[in-house]
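Residue numbers (my numbering): 9 to 370.
We put the CB at the ideal spot given by N, CA and C, even for glycine.
Written out below as structure tokens is the structure these notes cover.
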């Protein structure tokens, strides 16, 4: 029986584990936190739970144009928070049940460290260590929040995309630093909740075609958003229970101060390789992640990488899942196919934007 060890139980890791088990492998799935990874716990799923509330509120509000009137419409932030947690916990419960339904999958709670091309050392929560042997090791450790070097970034009220999911209030105003996927989704959600947004960024939804970005920019007045295009944050200060962000536009040589009750730092995510020991055993990588070939093999035989931890990879949960399934089918002697030129993606703004295939900048 082929022994496959997977480090990381996000969408790429747990999907790979299930498919490998279906094909008869002995699978060890190592995870230091919660099953489901970023997507289920602090990414796709909780964000979309909030987005659905925002979308419904927007539909109700726009219903007045169609003769639909709702009196005393209000939002319960604690109720929204509790429903978000309910959705996340149901998803985690489903994954846990799925893992238990395969006797040849062992989930190991702990930190996985590469010892050599055939061994992963796992350190459990109580400090004990265990060596796990493998015929193939799959790195699926995902990504983590990046924090830019901005003075005042550690002040109370300055949040990451993880922190904002724990918010049990709807602020009157918010400064959002970053106009990529994360920044745009939370901007859409909270603007529909009624929060006044100051959005700081180079271009809206830079991952999309220029035509789509320009269309979103044309909707800012409707979205209750002030878009500070071309500006970057320099400094955050706190005064009288408000946060003041100094922003600068180099092209215009213009420096201004914007304010909000809260500041969301949405500057993206980076490959998570902490304590992995990848560099020490000779795995080649750069600041964006691990280098792999077309079959997701690293430069070391027997060690592979999928998902957000891969250099240059699109940070999409369904892409990590597809890569994981493809890889284990390949390892188990199947003849799978994967086409990375036609990867679908969506950004849950309101309205939603989506695309598939290669970008055409307009």
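- Excluding five sequence positions before and after residue 243, the CB atoms of its chain that fall closer than 8 Å to its own CB belong to 158, 159, 160, 253 and 254, given in chain order.
- For the 8 Å CB-CB criterion, residue 346 and residue 330 form a contact.
- With a threshold of 16 other beta carbon atoms within 10 Å, residue 354 falls short and is exposed.
- For residue 103, the enclosing alpha helix (DSSP H) begins and ends at 85-108.
- Take residue 185, set aside five residues on each side of it, and the residues of its chain with a beta-carbon closer than 6 Å to its own are 208, 241 and 273, in chain order.
- Distance from the Cα of residue 309 is smallest, within the candidate group 150, 342 and 143, for 143.
- DSSP assignment within the stretch 251-307 yields the following whole beta strand (DSSP E) runs of 3 residues or more, N-terminal first: 262-268, 270-273 and 277-279.
- The alpha helix (DSSP H) runs lying completely inside the stretch 113-200 and spanning 4 residues or more number zero.
- Per the coordinates, the alpha-carbon of residue 188 lies some 36 Å from the alpha-carbon of residue 131.
- Contact check for residue 12 and residue 205: beta-carbon distance about 45 Å, past the 8 Å limit, so the pair fails to qualify.
- Pairing residue 28 with residue 122, the inter-Cα distance amounts to about 20 Å.
- Between the stretch 85-99 and the stretch 45-54 there are three or more C-beta pairs closer than 8 Å, enough to call the two in contact.
- Counting C-beta pairs closer than 8 Å gives fewer than three between the stretch 61-72 and the stretch 34-48, which falls short of the contact rule.
- Between residue 320 and residue 148, the C-beta gap is not smaller than 8 Å, which leaves the two residues out of contact.
- For residue 275 and residue 156, the gap between their C-alpha atoms comes out near 7 Å.
- Assignment of residue 35 by DSSP, reduced to helix, strand and coil, places it in the strand class.
- Here residue 280 has 149, 150, 151, 152 and 317 as same chain residues with Cβ atoms under 7 Å from its own Cβ, once five neighbours each way along the sequence are excluded.
- Contact between residue 118 and residue 38 holds: CB atoms are separated by about 6 Å, below the 8 Å threshold.
- The alpha-carbon of residue 268 is positioned some 53 Å away from that of residue 33.
- Taken atom to atom, the span from the alpha-carbon of residue 234 to that of residue 263 is near 16 Å.
- Taken through DSSP and simplified to helix, strand or coil, residue 202 comes out as coil.
- Spatial neighbours of residue 60 in its own chain (CB-CB distance under 6 Å, excluding positions within 5 residues in sequence) are not present.
- The three-state reading of DSSP puts residue 236 in strand, counting E and B together.
- Excluding its 5 nearest sequence neighbours in each direction, residue 214 has C-beta neighbours in its own chain below 8 Å: 187, 188 and 221, listed in chain order.
- Assignment of residue 330 by DSSP, reduced to helix, strand and coil, places it in the helix class.
- For residue 104, the closest of 41, 71 and 79 by C-alpha to C-alpha distance is 41.
- By the neighbour-count definition (other C-beta atoms within 10 Å, threshold 16), residue 75 is an exposed residue.
- When rounded, the separation of the alpha-carbon atoms in residue 323 and residue 139 is 30 Å.
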